[in-house]
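Undergrad: Under numbering that gives the first Met the number 0, the first residue of the sequence shown is numbered 0, with each subsequent residue one higher. Think of the CB as a built atom: it goes at the ideal place given N, C-alpha and C, for glycine as much as any other residue.
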Amino acid sequence: MPPVEDGTARAVVLATTLALTLAAGAPAGAVTADAGTGPRVPAPTPELRDQMAAVREAVLPYVVSILVVREEFQQGTARLSLSGGSGTIVSAEGHVVTNAHVTDKGRAFRIVFGDGRELPATLVGEDPLSDIAVLRIRGGGDERFRYARFAETLDLRAGDSVVAIGAPWGMANSLSAGVVNNPRRLLVSIFQDEADHESQLGPDQPSGRYYAWIQHDAPISPGNSGGPLVDLAGRIVGVNTLGQFFGGDMAFAIPGPEAADVARQLIEGGRVRRADFGMRLRSRAGSAFASGVLVNSVRPEGPAARAGLKPGDRLVALDGEPIDAAFAEAIPAIERRLAELRPGSPVAATIARGERRLEVRLVPDEASADRGREREVRAWGLTAVELTPAMAARRGLPYREGLVVSGVRPGGAAAT
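1) Out of L122, S64, D159, D154, state which residue places its alpha-carbon closest to the alpha-carbon of G115.
2) So what does DSSP say about G268, is it helix, strand or coil?
3) Less than 8 angstroms between the C-beta atoms of R305 and E365, yes or no?
4) Which of the three DSSP states is assigned to G255 in this structure?
5) For T382, count neighbouring Cβ atoms within 10 angstroms of its own Cβ and tell me buried if that reaches 16, exposed if not.
6) Mind checking whether F326 and A284 have CB atoms under 8 angstroms apart?
7) Give the C-beta separation of A351 and V315 to the nearest angstrom, bearing in mind that I take them to be a contact with Cβ-Cβ under 8 angstroms.
8) Within this structure, are the beta carbons of P256 and E151 separated by less than 8 angstroms?
9) By the DSSP assignment, the beta strand (DSSP E) with E71 in it spans what residues?
10) At 4 residues or longer, and completely inside the stretch 288-314: list those alpha helix (DSSP H) runs for me, N to C.
11) With respect to the beta strand (DSSP E) encompassing L174, which residues constitute its N-terminal and C-terminal limits?
12) Could you tell me whether the stretch 175-185 touches the stretch 71-88, using the rule of 3 or more Cβ pairs below 8 angstroms?
13) For A157 and E46, what's the separation of their Cα atoms in angstroms?
14) Please state whether DSSP places I333 in a helix, a strand or coil.
15) Report all residues from its chain with a CB closer than 7 angstroms to the CB of G406; omit the five preceding and five following residues, and keep chain order.
16) Count the other CB atoms within 10 Å of the CB of Y209; is the residue buried (16 or more) or exposed (fewer)?
17) Quick one: what does DSSP say T382 is sitting in, helix, strand or coil?
Below is the structure:
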């Protein structure tokens with residue numbers, strides 16, 4: 000089952016699951032812990048308790064709760080709703096890093112501090128492709144804020160202890176602990192093909208294309224989204240983003256260095272500028288090739304197609320530097336490397352096609368927004384999304400501008 004996102008639907012799923020579990024009772028053979036007879040979990044050592052307390056005191060002052068008034072669109076009508084998430088203050092000016100799905104469709108924002116104080120905030124920028132957004136607290140006068148920093152490098156290993164801090168179900172100042180299960184995880188199981196990863200990212204806002212997730216088992220719930228994942232050295236190593244109720248305690252975080260880089264670009268320019276090559280890649284895993292990365296698909300009329308690339312080609316070098324993806328987890332870093340190149344600037348690429356080696360010149364376009372803004376057209380009784388070139392290309396549309404109808408109000412002018 001795909002990861003469950005924040006919102007009331009998650010509460011319904013959790014309540015239903017709990018009710019079914021209680022109704023079914025404990026499964027045959029389940030291990031119980033009756034008073035005086037059950038298995039005992041060793042008590043935490045004083046050293047570990049001290050470490051946890053130090054982490055909490057080091058990071059908690061910079062963690063905030065976020066209240067969002069959202070404008071959502073249902074059956075052709077705009078409706079206001081209230082949602083929440085978590086975030087981390089990352090600058091003295093009051094910039095707060097959180098998830099883009101926390102701020103998505105937000106009309107107004109309020110920051111709630113651990114001591115209960117509330118201040119309004121404005122949206123600086125959001126980047127759905129990384130699921131990172133930045134808010135700025137509107138403090139009084141020239142107020143300066145204490146702030147945290149992300150880890151500059153990611154050196155996590157499976158088994159490392161981590162702590163998730165945030166406001167699950169709106170309960171501020173909450174902390175949960177677990178271990179790293181896998182520091183570089185794609186959301187594809189062993190029963191799926193590698194190419195399924197791309198299809199699972201979402202049709203219009205495919206978060207997670209440019210990094211592999213940190214998978215851990217520190218419990219997170221609705222409201223934890225956007226809060227920090229911290230190691231026992233007190234470093235912010237990730238931004239918690241996805242939780243999953245089924246299949247065990249699995250949670251996923253955006254790696255801290257990648258989150259910090261996106262946040263910096265949003266603070267400096269309000270958006271993340273990326274290059275678009277019009278192709279999708281996959282690793283050479285399962286093939287007989289000893290190097291390179293496979294071209295999985297090529298968008299018609301895109302930069303790769305204009306350069307003559309075809310599905311099945313193998314990309315082996317960029318500007319003379321070898322490029323390789325032995326496993327699927329290496330693909331996001333290569334995608335990010337390509338996206339960080341300057342749009343419009345030529346790149347020399349070495350392509351292997353069968354026994355031949357080809358030198359081609361790739362000129363990337365600038366990536367357009369993956370999804371336009373949604374609006375209500377009240378007079379017509381419908382809601383519509385602004386069409387972007389990226390949306391048009393995915394739908395195979397011959398035009399690049401216009402509106403995509405996203406909902407029609409029953410009885411409205413558009414319905415009749």
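TA: Based on what the coordinates show:
1) S64
2) Note: G268 maps to helix in three-state DSSP.
3) no
4) helix
5) buried
6) yes
7) 5 angstroms
8) It is a contact, given that the beta carbons lie within the stated cut-off.
9) 62-73
10) 302-305
11) 173-184
12) no
13) 21 angstroms
14) helix
15) F72, Q73, Q74, G75, L381, T382
16) buried
17) strand
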